[in-house]
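**Student:**
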Ligand code: SF4
Ligand SMILES: [Zn+2]
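Residue numbers (my numbering): 5 to 329.
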């Protein structure tokens, strides 16, 4: 069984299309088995032993059962890296891509991977299969931030911005695009520091990405972020912070696609505002992602907006504590 499968929508060449997202159950991220990233609980979803190629194909079969004749984009995750051959062998990878090609409706495949697994050989191998079906390919990398100190000390990610650039350039050289995930508010940053970090990360990342997806940090089981949250030393980001980042990002770089689909929005363990406007503001982020229309981001308001502005002003002086739950 795949870890999760769901259908949704995304943009393809500026148009909304139907998507199928598959999280394959593999042995998971090698990094997660070591100390792992401070916010990542994916290892809880991983298999104890490496699934066989046939098992991975059976997972795909289950997943594509949810597709429709209009499914144009497939997003592949593994709670790790699609290009890590310890998770997905090269033969399984090829068979997965061929099966997706044979569906007939798919125009684009996106697969998540850490940058160290991106090599020209693996990419060529991938596009050799997908080209036969006229399917474009994109790698998705959880860069999180362009700041190496924050990535190391607050996230423990285990790669550098230079590693990301190398992977993205290797991909670009053979016509493969890159989607960068940025993480809003890893632990140990105030709300305003977190926003500044993302804004500078956007500027640094734009030359190497066609899409920037803003992930809003949430509290996952068994993580350092959870420990900090339980001790009241961590609050997930405000949804207003994401609204402000997407507004500024799109203004600065209109040609870049900005996405954000906040997970667990409105709960105390997820990104949230005051509780009254959370659903509406989270929906605005999703609507913007599918339209890229900045005006949507200005159409939403709540009494807690001024409270968020105060937090931005004062939280830097709170010695690491958050000011509003
Ligand atoms: S966030 Fe990504 S790189 Fe970090 S432990 Fe989780 S799956 Fe691995
Ligand atoms: Zn509110």
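Cβ coordinates follow ideal geometry from the N, Cα and C atoms, glycine included.
Write down the C-beta distance between residue 263 and residue 293 rounded to the nearest angstrom, noting that I regard them as a contact closer than 8 Å.
**Tutor:** For the purposes of this step, residue 263 is taken as the residue at position 259 of the chain shown. For the purposes of this step, residue 293 is taken as the residue at position 289 of the chain shown. Going by Cβ atoms, the distance from residue 263 to residue 293 rounds to 4 Å, so yes, they are a contact pair.
**Student:** Here's a check: name, in chain order, each residue in its chain whose Cβ is nearer than 6 Å to the Cβ of residue 312, leaving out the five neighbours to either side.
**Tutor:** Stepping through the chain shown from its first residue, residue 312 is reached at position 308. The answer, listed in chain order, is 242, 244.
**Student:** What does the shell around ligand 2 hold, if a residue joins when its beta-carbon is under 6 Å from any heavy atom?
**Tutor:** With the cut-off at 6 Å, the residues found are 277, 278, 280, 281, 306, 308.
**Student:** Is any heavy atom of ligand 1 found at a distance shorter than 8 Å from the C-beta of residue 155?
**Tutor:** The residue labelled residue 155 in the question sits at position 151 within the chain shown. No - ligand 1 has no heavy atom lying nearer than 8 Å to the Cβ of residue 155.
**Student:** Whether or not the stretch 110-128 and the stretch 191-207 are in contact is what I'm after, with contact meaning three or more pairs of Cβ atoms, one per stretch, closer than 8 Å; do they touch?
**Tutor:** No, the stretch 191-207 is not in contact with the stretch 110-128.
**Student:** Just the C-alpha distance for residue 114 and residue 25, rounded to the nearest angstrom, thanks.
**Tutor:** Numbered from 1 along the chain shown, position 110 holds the residue referred to as residue 114. Numbered from 1 along the chain shown, position 21 holds the residue referred to as residue 25. Using only the alpha carbons, I get a separation of about 9 Å.
**Student:** Looking at residue 217 and ligand 1, is the gap between the Cβ and the nearest heavy atom below 8 Å?
**Tutor:** Position 213 of the chain shown, counting from 1, holds the residue named residue 217. No; taking the cut-off as 8 Å, the Cβ of residue 217 has no heavy atom of ligand 1 nearer than that.
**Student:** Between residue 134 and residue 227, what straight-line distance do the alpha-carbon atoms span, to the nearest angstrom?
**Tutor:** Taking the first residue of the chain shown as position 1, residue 134 is located at position 130. Taking the first residue of the chain shown as position 1, residue 227 is located at position 223. Cα to Cα, the separation comes out at about 37 Å.
**Student:** Would you mind stating whether residue 261 and residue 15 have Cβ atoms separated by less than 9 Å?
**Tutor:** For the purposes of this step, residue 261 is identified with residue 257 of the chain shown, where counting begins at 1. For the purposes of this step, residue 15 is identified with residue 11 of the chain shown, where counting begins at 1. Their beta carbons are under 9 Å apart, which means residue 261 touches residue 15 by this criterion.
**Student:** Which whole-angstrom value describes the C-beta separation of residue 213 and residue 184, a residue pair presumed to lie in contact below a C-beta threshold of 8 Å?
**Tutor:** As a working mapping, residue 213 is identified with position 209 in the chain shown. As a working mapping, residue 184 is identified with position 180 in the chain shown. Sure, about 4 Å apart at Cβ, within 8 Å.
**Student:** Could you spell out where the beta strand (DSSP E) holding residue 301 opens and where it closes?
**Tutor:** Working through the chain shown from its first residue, we reach residue 301 at position 297. Where residue 301 is concerned, there is no enclosing beta strand (DSSP E), although the alpha helix (DSSP H) it sits in stretches over 299-302.
**Student:** Give the DSSP bridge partners of residue 17, in chain order.
**Tutor:** If you number the chain shown from 1, residue 17 lands on position 13. For residue 17, which the question treats as bridged, DSSP gives no partner whatsoever.
**Student:** Any chance the CB of residue 161 is under 8 Å from a heavy atom of ligand 1?
**Tutor:** Residue numbering aside, residue 161 sits at position 157 when the chain shown is read from its first letter. Correct: residue 161 has its Cβ closer than 8 Å to ligand 1.
**Student:** Count the other CB atoms, across all protein chains shown, that sit within 10 Å of the CB of residue 77; report buried if there are 16 or more and exposed otherwise.
**Tutor:** Start at 1 with the first residue of the chain shown, and residue 77 comes out as number 73. That one is buried.
**Student:** Any idea what DSSP makes of residue 43, helix, strand or coil?
**Tutor:** For the purposes of this step, residue 43 is taken as the residue at position 39 of the chain shown. In the structure shown, residue 43 sits in coil (DSSP, three-state: anything other than H, G, I, E or B).
**Student:** Does the pairing of the stretch 55-74 with the stretch 88-106 give three or more beta-carbon distances under 8 Å?
**Tutor:** Judged by Cβ distances under 8 Å, the stretch 55-74 makes contact with the stretch 88-106, as three or more pairs qualify.
**Student:** Taking the Cβ atom as the reference point for each residue, do residue 236 and residue 301 lie within a distance shorter than 9 Å?
**Tutor:** The sequence position of residue 236 within the chain shown is 232, counting from 1. The sequence position of residue 301 within the chain shown is 297, counting from 1. No, the Cβ-Cβ distance between residue 236 and residue 301 is not below 9 Å.
**Student:** Does the stretch 147-160 come close enough to the stretch 40-57 that 3 or more CB-CB pairs lie under 8 Å?
**Tutor:** Yes: the two stretches touch, three or more of their Cβ pairs being nearer than 8 Å.
**Student:** In the structure shown, what three-state DSSP assignment does residue 268 receive?
**Tutor:** Along the chain shown, one-based indexing puts residue 268 at 264. Looking at residue 268 - three-state DSSP - the assignment turns out to be coil, as it is neither helix nor strand.
**Student:** Would you please state the rounded distance, in angstroms, between the beta carbons of residue 139 and residue 110? I believe it to be under 8 Å.
**Tutor:** Numbered from 1 along the chain shown, position 135 holds the residue referred to as residue 139. Numbered from 1 along the chain shown, position 106 holds the residue referred to as residue 110. That belief holds up - the Cβ atoms of residue 139 and residue 110 are roughly 6 Å apart, short of 8 Å.
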